[in-house]
Every structure is written in C-alpha cells, then in structure tokens.
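S.K.: Quick one: the structure is below, and I'll ask about it shortly.
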Amino acid sequence: MTLLSVQNLSLSICPTPILKDISFTIAPGEILAVTGESGSGKSMTALAVMQLLPDTTETCGQILLNDSDLLTQPEANLCTLRGNDIGMVFQEPMTALNPLQTIGTQVAETIRIHAKAPKAEAMAQAAAMLTRVGLPQDRFPLSRYPHELSGGQRQRVVIAMAIARRPRLLIADEPTTALDVTTQARILDLLKDLVAEFDMGLLMITHDLAVVADMADRILVMRKGEIVEQGATQQLLSNMQHPYTRALFEASGHTVDLPALQGTPAPILTVQNAVRDYALPRTQLFAPRAFHRAVNDVSFTIHQGERVGLVGESGCGKSTLTRAILGLEPVQSGQITAFEHPVGAAMPAALRLKTQVVFQDPYSSFNPRHRVASILTEPFHLVQNPPKGAALQSLIGEVLTDVGLTPQDAQKYIHEFSGGQRQRIAIARALITRPELIIFDEAVSALDVSIRAQILDLIADLSRRHSLAYLFISHDLSVVRTVTDRVLVMQNGEIVEEGATEAVFATPQHSYTQSLIAAAPVLPDLVALTSKTETIYDPA
Amino acid sequence: MSLSRNILIGGLLCLIVVSTALLSFVWTPYDITTMDIPNKLQTPSATHWFGTDHFGRDIFSMIMVGARTSLAVALVAVGIGMGLGVPLGLWAAARQGGWADELIMRGNDLIFAFPSLVIAILITAILGPGALNAILAIGIFNVPVFARLTRAGALPLWQRDFILAARVAGKSRALISVEHILPNVANLLIVQGTIQFSLGILAEAGLSYVGLGAQPPTPSWGRMLADAQTMVSFAPHLALIPGLAIISAVLGLNLLGDGLRDWLDPKIRVVRT
Amino acid sequence: MLRYTLKRALSLGLSLIVASLVIFFVIEVVPGDPASFMLGLNAQPDTIAALRAELGLDVPKFERYLTWVGGMLQGDFGLSYTYRTPVTEMIGDRIWVSLPLALYALTLSTLIAFPAGIYAAARRGKAGDMAVMGATQFGIAVPNFWFAMMLVLIFAINLRWFSAGGFVGWDKGFGAAMHSLTLPAIALALPQSAILARVMRSALLDVLGEDFMRTARAKGLSRRQALLRHGLRNAMIPVLTIIGMQFSFLLAGAIIIEQVFFLPGLGRLIFQSISARDLIVVESVVMLLVFLVILVTFLVDLAYAAIDPRLRART
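Listed in order, the protein sequences are those of chains A, B and C. Numbering of the first sequence is given in full-length UniProt numbering, commencing with residue 1 and proceeding in unit increments. Numbering of the second sequence is given in full-length UniProt numbering, commencing with residue 1 and proceeding in unit increments. Numbering of the third sequence is given in full-length UniProt numbering, commencing with residue 1 and proceeding in unit increments.
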C-alpha cells in the first residue's frame with residue numbers, strides 16, 4: 001500500500017525551474033530520507049507536499065496522498081488535510097513557535113481546528129501529546145511559554161503539534177540540524193518511535209548523511225532539483241549507482257592527510273586557569289547579581305605547528321574562550337599568553353599578527369562594501385611598516401593563490417563569491433600576516449559536505465606548507481577527528497578531557513566525552529560495505 | 001516595476017519643487033513685495049497663473065519663493081538631525097549597554113517627550129518667532145530620530161563576524177564605526193533622510209501657519225495658508241494652491257524615499273510620526 | 001511583571017524630573033530676568049520690582065525650582081500674570097477640549113488604520129493593497145491644518161453640516177460637544193491613520209515572514225486565520241510604539257488644529273500667553289503636555305509587557 005506517491009513533479013518559481021520530474025513514494029510506517037546539498041531542492045519538495053509554496057510557484061505532475069491529488073485540491077480542502085493528515089516539523093525550533101502563546105494553546109490549536117473539540121478537552125489531549133514527546137506535565141506544564149524552553153524542548157513541542165492529530169504522513173525538514181548532537185540523537189529516537197507507534201510515513205529532509213544512513217528505510221539523493229538516485233538504504237549504500245552519490249558519501253566521511261608533527265616544539269599559546277564570568281540580569285530588585293561562569297579554570301597549551309581541536313556543544317563556553325584568546329574580552333582571573341606576551345590591547349602589533357582567526361559564517365565575515373583587496377589587508381592595521389604598492393599586490397596575489405583563488409579576485413566584491421570561495425578568502429585574510437597560529441572557529445560548519453572536504457584539505461595542506469599551528473573549534477566530532485593531533489573536550493565552561501585525538505575518540509575517559517561520541521550518528525563504512533557486497537555477489 | 005515608478009514620479013515632483021525654488025532666485029513672474037490692490041483676489045488666469053492674494057500679489061511667484069523657505073528649513077533641519085544624531089547613534093551602538101549608550105538613549109527619550117511643536121513654542125517664548133526657530137525646533141526633534149535609527153541599524157552589524165575580524169586586527173571602535181558600520185547603515189540613512197525631509201516641510205508649514213515659523217515678509221507656504229483662512233469662503237484658491245504645493249513636495253519626497261528603499265534594500269523600515 | 005512595572009515607573013519619574021528641569025531652565029534661566037522679559041522694554045522699574053517680588057525671583061534659582069515643582073505636585077501652577085487668575089483654573093477649563101480631541105482623533109485614526117492595514121497586508125501586491133497604499137501616500141502628504149480648512153470649506157461653509165469653528169461646551173450635552181469636535185478630530189485623524197495603516201501593514205508583512213506563521217499554516221490554519229490568530233498580536237509591538245508616538249503628536253497637533261477651528265483648548269491658551277509674554281502659563285502648559293506624553297510612553301511600555309511574555313520574564 002502506498003501512502004504518498006509523488007509523480008513527475010516539476011516546479012518553477014517564475015521562471016527559474018526548482019524541481020524537475022520528481023517521483024517517489026512513501027508507505028505507512030516507512031522513513032524516506034531526502035538528502036542533497038544546498039540548492040538541491042529537497043526543502044522545496046517537502047513544501048510542495050505540504051502545498052505551502054510561494055504564490056508565484058508553478059507546479060505540474062501529481063502529489064497523491066491516498067490516491068487523491070493534492071495539486072488539484074482547493075485551498076479549503078488542503079487546510080483540512082494540513083495538520084490532520086500531514087504534519088510538519090521545521091528546522092529552526094527557536095523561531096517555529098509563536099512567542100506570545102503558551103505551548104499548551106499552540107498544541108491544542110491543532111486539535112481544536114480539526115476536531116472542533118471544546119477547549120478543555122483539546123488541552124487535555126495536548127497535555128497527553130506533550131507527555132508522549134517527552135515533556136511531562138509536572139515539569140513542563142501547558143502554561144509554559146516557548147522562551148522558557150531549550151531548543152530541543154521546543155522541537156519536541158513542534159513535534160507534538162505536528163502529530164497531535166496522528167497524521168498519516170509526517171514531514172520533517174532538517175529537524176535536528178539546529179540542535180546539539182546529544183539532543184539530536186534523542187529527537188531522532190523520538191521520531192523513529194513515533195513512526196513505528198502511529199504507523200506514519202515519514203518524509204525526512206536532511207543534509208546529514210550519517211543521520212540518513214542511521215534513520216532511513218529508503219534514501220533519495222537529489223542534486224539541482226533532480227533525483228540522482230533512490231533506493232532501499234542498505235542496497236543504496238552498498239551499491240551506489242551514481243558517481244554523485246558516491247562523491248557525496250565520500251566527502252561526508254572525508255579524512256585529510258595530516259602531516260606528522262616534528263620534534264619537540266616550543267609552546268606558542270598558553271592558557272592558565274582562565275576564568276570568565278558574565279553578570280546575569282538581576283532576578284530581584286535588591287538581590288545581589290548572579291554570575292554565569294562561561295569559562296571555568298581552563299588551562300591548556302598549544303605548541304608550534306600543533307593542531308588542537310576543541311569540541312563541545314552550544315553554550316559550553318567555546319566562543320567565550322575564543323574571544324578571550326583573541327584578546328577581545330578580558331579574563332577575570334588566570335592568564336592567556338601568546339608568543340610569550342599576555343594577550344590584550346597592550347600586545348605589540350608584531351606579536352598580534354602571529355595569531356589570526358577564521359570565523360564560521362562565510363556570509364557575515366566580510367564587509368559587503370569592501371573589495372577583497374581591502375578585506376585581506378585589514379590585519380595589517382596596527383603594523384608600523386605594512387607592505388605597500390607592488391609588494392602588497394604580490395603578497396595579496398600570493399595568499400589568494402595559496403587558498404586556490406587567483407590574484408585577479410582581489411578586485412572583486414564579496415557577493416561575487418560562493419560560500420566555499422568566501423571561506424577561502426577568510427583563510428587568505430588569516431594567512432596574509434604569515435601567522436603561526438590560526439583559530440578556526442566552526443570554520444567549516446556552514447559549508448556543504450563537498451566544499452567542506454575541499455576546505456579541510458586546504459587546511460591540512462597549508463599546515464604542511466607553512467607549518468601552522470591551529471586551534472580547530474567545532475561541534476562536529478568527525479571533522480575534529482581528522483584534522484587535529486590533540487583534542488580538548490569542553491562542557492559547562494570546563495575542559496573535561498584532553499588527549500591525543502585518536503586516543504580520546506577510541507577510548508574516551510570522561511562520561512561526557514563518551515556520551516558525545518555515542519550520540520554522534522556514524523557514517524557507514526563504505527569500504528566495508530562495498531567489499532562485503534563484492535564478496536556476496538562474487539560469482540566465483 | 002513599482003520601484004522605478006515611485007522613483008520616477010517622486011523624483012520628478014522633487015525636481016520640479018527644487019528647480020522652482022532655485023529659479024525664484026533669478027526670476028519670478030511678478031515681484032512678490034509689490035502690492036497691486038486693484039487686482040486683488042483674482043482667480044487663476046493667463047496673467048496670474050495661480051491668481052492673486054488680498055494684496056494683489058501674484059500667488060505663483062509667492063509659491064516659487066515659498067518653496068525656497070520650505071526646502072531651506074527642512075534641509076538644514078535634516079542636516080542638524082543627521083549631523084548630531086548619526087554620530088550619537090554610532091557611539092551608542094559601539095558602546096552598547098555602557099553608560100554612553102544609556103545616556104544617549106535616555107536623552108533621546110527625553111527629546112521625544114517634547115514634540116517639535118512644543119520645542120518651537122519654548123524657543124519662541126524666549127527668542128521670539130522666526131524661521132530660525134523652525135529650523136532649530138525641527139532639527140532638535142530630528143536628532144533622536146537619526147540617533148535611534150543609526151543605533152538600531154548598527155547594533156546587528158556589531159554582531160557580525162567582519163566586525164570581530166576588524167577588532168582582531170586591532171582597530172578601535174571609533175574607526176570600526178566609521179569604516180565598517182557607517183557605509184552599511186548609509187542606505188538606511190538615505191531613505192529615512194528623505195522621509196525626514198518631507199516631514200520637515202510639513203512641520204515648517206505647520207509652524208509658519210501658527211506664526212512660529214517664517215515671519216513677514218519672508219513668503220512661506222504655511223503663512224500663505226494662515227492668511228487665506230479668513231478668505232476661504234470666497235477665495236478658496238488662496239488656500240487650495242499652497243496646500244497643493246505642500247502636498248506635491250511631500251508626496252514627491254515620500255515616493256522618492258519609498259522608491260529608494262525598494263531599490264537599495266527592501267528590508268529597510270522607515271519611521272514616521 | 002511587578003518588577004517591570006516598577007522599573008518603568010522609576011523611569012517615568014526620572015523623565016519627569018529631567019523634563020521639568022529642562023523647562024524651568026529654558027523659561028526662567030535663559031531669558032535672564034523673567035520679570036523684565038515678561039513686562040517688555042517700556043516697563044516701569046517699580047512694576048518690574050513688583051513682579052519680581054510676586055514671582056519670588058529674589059530667592060535662589062534652585063529654591064524657586066523646588067517651589068514650582070512642589071506647587072505643581074499639589075495642583076498649583078501659580079498665577080497668570082496677564083489674567084490674574086490661577087493657571088490651574090485656566091488649564092482645567094481648556095484641557096477638557098484638547099484631551100478629548102486628541103483621544104477622539106486617536107480612536108478614529110486607529111479605527112480607520114487597523115482594518116485598512118490588515119486588509120492591505122492580507123492582499124499584499126493585489127489591487128486592494130495598491131489602492132490602500134496609494135491612498136495612504138496622499139494621507140501622509142496632506143498637512144492636517146490644510147485638510148482642516150478644506151473640511152471647513154466643504155462641510156461647514158458649503159454643506160452646513162457642522163459649524164465652522166468654536167466649541168459648544170460639555171454642558172450642552174455629550175452629543176453636541178462631540179459634534180463640534182468631529183471635524184477637528186477627522187482633520188487630525190486622517191493623516192495619522194495613513195501613517196498607522198502603513199505601519200500596521202508592514203508590521204504584519206514582517207510577521208508573515210516569520211517561521212511560526214508557516215508552522216501555523218502547517219497546522220491547517222487558513223491564511224486569514226493564521227494572520228488574525230498569530231500575526232496580529234505579534235505585529236502589535238511596532239504598532240503600539242507608533243500609536244504612543246502619535247498620541248503625543250496629536251496632542252501637539254491639536255494646538256494647530258485648535259487655531260483652525262477656534263477651539264478654546266490648550267493651544268489657544270499657549271498662543272495667547274506667548275503674545276502676552278505670560279511665561280508662567282507657557283511653562284505650565286508645556287510641562288503638562290510633556291507630562292501627558294511621558295505618561296503615554298509609560299502606558300505603552302506596560303502594554304508591551306501585557307502582550308509579550310518575554311518582557312514580563314526578562315526585566
């Protein structure tokens with residue numbers, strides 16, 4: 001039996017074609033994962049099934065839900081289907097809920113519009129549904145407002161809203177992308193349980209191939225609005241037909257070739273017992289101010305040419321620590337020394353230049369009104385005799401070439417570059433002063449997997465050519481594992497574990513590290529899968 | 001589609017008003033200081049395009065010279081507002097949450113408690129009426145408008161990574177404000193500046209109407225309306241024409257502002273009061 | 001919530017103190033000697049001396065400020081020099097024209113702007129939206145006192161539905177009094193409603209782009225239901241801000257409109273006092289206007305918190 005059948009769906013938003021000839025089916029109780037990089041049209045596919053597309057969209061084909069075509073239904077019918085027969089969970093739990101209404105009202109609303117139930121009864125059902133998704137009434141009463149809940153809890157509320165009427169089809173658009181890895185694992189488990197319990201079909205949109213491999217019964221890979229390949233998970237993983245699918249999986253599990261460390265180098269960055277407190281807003285008029293300790297007694301050292309990872313979930317103090325190392329914020333106690341000088345405003349320019357930084361978001365890292373050349377030369381601001389004229393031009397050309405761009409790119413504005421190219425420019429800006437230490441602050445987190453693999457290769461390559469040391473801050477364990485020699489695990493402002501990367505990942509000592517590693521979805525070992533199938537189908 | 005239409009119509013209206021004002025320096029059909037009592041209160045005709053007032057003065061000429069007053073007052077007032085408000089807003093944003101920010105924002109709130117008319121009343125009570133009053137009153141009221149707008153535009157920019165990068169490079173907050181923040185709030189300021197310009201013309205007309213603005217013999221659209229009031233029953237064109245002049249100038253600026261907004265950045269929100 | 005209210009109330013009090021200092025400084029310190037200023041150039045020295053004594057100018061400035069503020073707190077604004085009557089009485093008569101006029105206009109403006117703004121937002125980009133937006137462009141450009149003159153020309157002089165000016169007084173009955181305030185209120189309200197309608201529309205359009213509106217649609221709410229149930233309340237924060245600012249503008253604007261309609265309100269009083277150089281009256285009326293504006297700001301702040309639970313929690 002087929003629950004949802006999409007036939008030859010094409011879609012364009014005047015006049016750009018977005019989807020081309022998409023066909024797939026979902027059966028009750030089945031999880032179909034739609035995956036692909038940004039711009040592949042996966043989210044549009046979800047919105048098309050929901051029929052929540054922009055007004056200017058033109059569609060053709062068929063979307064059959066239990067044999068009735070959604071594309072020909074009038075809007076009034078679609079309203080009775082949405083929320084009742086099809087539920088949807090969105091990516092951003094922080095903004096998906098109305099901030100002015102209680103969670104009870106919002107979950108009950110789904111019930112009230114479709115069941116016309118009286119308010120008290122709808123509220124009772126909402127309470128039951130919230131309990132089912134892991135928000136028991138004694139701790140999360142209906143009267144809570146969204147801002148009183150964490151991201152993971154809010155996503156549970158969104159799920160409760162989506163499944164309140166026990167729909168036959170659930171659509172989840174990147175439901176865990178905005179969440180921490182441990183929260184992600186729990187939300188994915190919840191979704192799996194609900195699918196089994198309610199016998200729902202789940203159309204899951206995600207870019208994370210590890211999640212795909214972990215969750216899906218069937219996988220559909222998209223690129224630029226077209227289906228590249230689809231099939232049952234085991235089959236597809238063990239026998240990829242299309243080179244793009246293979247490239248995508250390989251890029252996801254990409255490992256870089258990191259040059260070996262040499263000799264016993266000198267320390268260049270020393271963090272000693274660093275503490276950073278933030279004053280919290282007063283909760284009572286005359287009560288003493290409470291403090292949040294963002295960084296608590298952190299100590300570590302980075303040596304010349306050493307590649308150190310820093311992992312932890314959001315709010316663990318990574319960003320605060322980064323700012324402190326860059327001298328942008330003072331520490332309340334302890335000391336941070338770089339190149340044998342305390343960091344901060346008093347640091348001589350020549351030493352300042354030796355530490356550079358690459359930020360996460362390639363779209364916010366550059367002043368949109370400046371040309372690349374002036375962006376690249378900004379780090380020379382405090383230097384006494386900065387390179388000028390021809391020397392500067394050749395230096396700019398050199399670093400642009402270093403990161404895989406051309407010297408001509410210096411005259412362009414930043415909007416002329418793609419996300420991956422922008423991140424190369426960010427690295428070029430860090431390289432121009434010939435630093436000894438670069439802080440990569442979630443530098444590859446916003447990138448698609450194939451671009452991410454290229455940037456990781458670039459980082460490894462630069463570290464080989466310039467014998468760079470870096471501090472690689474990331475929430476992504478698999479990335480940290482491949483680009484670092486040593487890793488620090490941070491939780492609630494403290495370093496809970498530190499050690500050689502392979503050792504920590506193979507035999508984590510601290511319970512938090514263990515839970516992080518356990519929660520991270522794992523890509524299937526493609527080599528093992530392929531060789532296994534080869535033996536199975538070996539005619540000999 | 002509508003972006004170019006707004007800019008076109010608005011720009012055309014503004015061009016007409018501005019060129020009329022400039023032209024009045026070298027040429028007007030009649031001398032506006034000469035009275036011609038026998039020809040008073042004429043309706044529009046070939047000799048007097050917009051008719052004559054109760055002293056027989058040519059209304060078309062008075063409208064031309066009045067445009068000068070309106071534009072000058074509004075322009076200087078916007079200049080005062082931007083000149084003081086933008087640096088204050090940049091400073092407040094650079095020190096978000098600090099004492100400077102608090103002081104500037106509270107000062108803004110305080111000025112907002114004095115509507116421009118009340119400021120004009122206070123100034124007039126002490127210095128006596130005049131065009132300078134109007135400029136000062138409207139200008140002072142414009143300061144918090146631009147300070148708030150600049151601060152609101154600058155605050156999210158301070159959260160962006162390129163500002164962090166500039167700070168890592170060792171740039172001071174003042175330099176970052178000028179080099180990175182200002183160019184990125186310029187669109188916002190241009191659009192709001194156009195709107196404040198139009199509000200300035202309206203405010204000047206209102207102040208002149210109640211006698212707190214330009215004084216005789218300086219012609220002003222607002223005072224022409226005040227003079228016309230007692231005669232509106234038998235000479236409605238005396239009130240109609242200056243009113244339409246004000247409307248065209250304000251409408252032109254508003255359309256231009258909206259058009260520029262759509263063209264530069266549709267996300268900009270202008271504030272009108 | 002209590003903490004928030006207290007904090008806002010504290011800010012209200014501080015604003016009032018600073019505002020009163022500014023007004024006192026401008027009126028009583030800047031002109032040098034207020035007595036000779038009020039009496040003009042040809043005043044006799046003994047008249048000036050008499051007024052100086054009456055105004056209590058011999059005591060230090062700070063003490064005078066305290067006396068002034070202390071008096072106001074007890075409802076005593078001093079004695080008008082021109083009319084020799086207590087300013088409190090003069091204001092008392094006239095505020096019952098100006099304040100009802102401003103409130104009447106604000107009500108009208110809101111009643112027109114809300115449906116217009118919601119309608120335009122719901123039909124974004126369609127003919128209805130274009131029509132409303134076009135009309136508001138004109139509404140913004142029209143000076144309210146000119147519009148008032150046109151209303152008088154049409155509805156009072158030609159059609160004779162209303163009187164051209166004057167105020168019958170509340171003792172003639174509520175209906176008659178409101179009738180004589182109707183044209184002034186319309187003149188004040190229409191241009192303001194054009195602004196408010198635009199703010200309403202753009203606030204709603206902003207909210208329509210929010211994720212939670214998509215969530216609401218995914219629940220099965222129609223576009224209209226989503227707009228009314230989830231959009232409207234979220235759009236109220238910017239709208240309330242503008243309503244608050246409009247009230248102060250209407251109070252001040254009423255001063256001009258009172259001139260057009262010869263209404264015996266605070267505006268007339270203030271202009272008479274300026275030409276009579278009666279600084280005591282000017283000072284008192286300005287303080288009263290500023291007090292009303294600051295009070296409205298305070299009420300708007302409280303309304304924010306009533307709407308937004310995050311504000312109640314945070315501060």
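All C-beta atoms in this analysis are idealised placements derived from N, C-alpha and C, irrespective of residue type, glycine included.
With contact counted as at least three CB pairs below 8 Å, one residue from each stretch, are the region 281–292 of chain C and the region 243–259 of chain B in contact?
M.R.: no
S.K.: Any C-beta of chain C within less than 7 Å: which residues of the region 183–209 of chain B qualify?
M.R.: L202, A205, G206 and Y209
S.K.: Under 7 Å Cβ-Cβ, which residues of chain B neighbour L289 of chain C?
M.R.: V118
S.K.: To the nearest angstrom, report how far apart M123 of chain A and L142 of chain A are at their CA atoms.
M.R.: 8 Å
S.K.: Just to confirm, is the Cβ distance from L117 of chain B to V26 of chain C under 9 Å?
M.R.: Cβ atoms of L117 of chain B and V26 of chain C: not closer than 9 Å.
S.K.: So, at 6 Å on beta carbons, what are the nonlocal neighbours of Q62 of chain A in its own chain, with the 5 sequence-adjacent residues on each side left out?
M.R.: Q7 and D69
S.K.: Looking at the strands, I want to know which residues DSSP matches up with G309 of chain A.
M.R.: Residue pairing by DSSP places G309 of chain A opposite A:F472 and A:V487 in a beta bridge.
S.K.: Excluding the 5 residues flanking D58 of chain C on each side, which residues of the same chain have their C-beta closer than 7 Å to its C-beta?
M.R.: R52
S.K.: Just the C-alpha distance for W221 of chain B and I63 of chain B, rounded to the nearest angstrom, thanks.
M.R.: 7 Å
S.K.: Looking at the structure shown, is A178 of chain A part of a helix, part of a strand, or coil, going by DSSP?
M.R.: coil
S.K.: Using the Cα positions of D189 of chain A and Q153 of chain A, report the straight-line distance between them to the nearest angstrom.
M.R.: 14 Å
S.K.: Output, in sequence order along the chain, the residues in the region 222–249 of chain C whose CB is closer than 7 Å to any CB in chain A.
M.R.: S222, H230, R233 and N234
S.K.: Would you mind reading off the limits of the alpha helix (DSSP H) that contains M133 of chain C?
M.R.: A127 to A141
S.K.: Quick one: what does DSSP say residue 581 of chain A is sitting in, helix, strand or coil?
M.R.: What the structure shows of chain A is the stretch from 1 to 540, and residue 581 of chain A is not part of that stretch, so it cannot be assessed.
S.K.: Express the C-alpha separation of L302 of chain C and R8 of chain C in angstroms, rounding to a whole number.
M.R.: Distance from the CA atom of R8 of chain C to the CA atom of L302 of chain C, rounded to whole angstroms, is 8 Å.
S.K.: Which runs of the beta strand (DSSP E) spanning at least 3 residues fall entirely within the region 337–385 of chain A, listed in chain order?
M.R.: Counting whole runs of 3 or more residues, the region 337–385 of chain A contains the beta strand (DSSP E) stretches 355–358.
S.K.: Can you confirm whether L81 of chain A, when its beta carbon is compared against all beta carbons of chain C, has any partner nearer than 9 Å?
M.R.: yes
S.K.: What residue does the alpha helix (DSSP H) around H466 of chain A start on, and which one ends it?
M.R.: Here the alpha helix (DSSP H) through H466 of chain A covers V449 to H466.
S.K.: Entirely within the region 209–243 of chain B and at least 4 residues each: give me those alpha helix (DSSP H) ranges in chain order.
M.R.: 221–228
S.K.: Answer with yes or no whether the minimum CB distance from L299 of chain C to chain B is below 9 Å.
M.R.: no
S.K.: Any beta carbon of chain A sitting closer than 9 Å to that of residue 319 of chain C?
M.R.: Here chain C covers residues 1 to 315 and nothing more, so residue 319 of chain C does not appear.
S.K.: Counting only beta-carbon separations shorter than 9 Å, does G153 of chain B have a partner in chain A?
M.R.: no
S.K.: Please list the partners that F114 of chain C has in chain B, where partner means a Cβ-to-Cβ separation under 9 Å.
M.R.: The contacting residues do not exist; F114 of chain C stays about 17 Å from chain B at best.
S.K.: Leaving out the 5 sequence neighbours to the left and right, which residues in its chain are closer than 8 Å to T20 of chain B when beta-carbon positions are compared?
M.R.: I63, M64 and A67
S.K.: Just reading off the alpha helix (DSSP H) that V403 of chain A is part of, what are its end residues?
M.R.: Run containing V403 of chain A: none; DSSP gives neither H nor E here.
S.K.: Give the secondary structure of T535 of chain A by DSSP, where H, G and I count as helix, E and B as strand, and everything else as coil.
M.R.: Only weak support is given to the placement of T535 of chain A: the predicted model assigns it a pLDDT of 40, under 50, and the value that follows is read from those uncertain coordinates. Helix, per DSSP.
S.K.: Under 8 Å Cβ-Cβ, which residues of chain B neighbour A252 of chain C?
M.R.: P115, S116, L117 and V118
S.K.: Does the Cβ of Y145 of chain A have 16 or more other Cβ atoms within 10 Å, making it buried, or fewer, making it exposed?
M.R.: buried
S.K.: Buried or exposed: G259 of chain B, going by 16 or more other Cβ atoms within 10 Å of its Cβ?
M.R.: buried
S.K.: Checking 9 Å against the spacing of the C-beta atoms, do G151 of chain A and P74 of chain A come in under that value?
M.R.: no
S.K.: Quick check: the Cα distance between D85 of chain A and R214 of chain C, rounded to an integer number of angstroms?
M.R.: 17 Å
S.K.: Would you mind telling me which residues of chain A sit closer than 7 Å to R167 of chain B, beta carbon to beta carbon, in chain order?
M.R.: L328
S.K.: Taking the beta strand (DSSP E) that S284 of chain C belongs to, which residues open and close that run?
M.R.: Careful: S284 of chain C lies outside any beta strand (DSSP E), inside the alpha helix (DSSP H) at L279 to I307.
S.K.: I think A305 of chain C touches M1 of chain C, with their Cβ atoms under 8 Å apart; what is that distance to the nearest whole Å?
M.R.: 6 Å
S.K.: For Y413 of chain A, which three-state DSSP category applies?
M.R.: strand
S.K.: Taking CB distances under 9 Å as the criterion, tell me whether D109 of chain B reaches chain C.
M.R.: Closer than 9 Å: yes.
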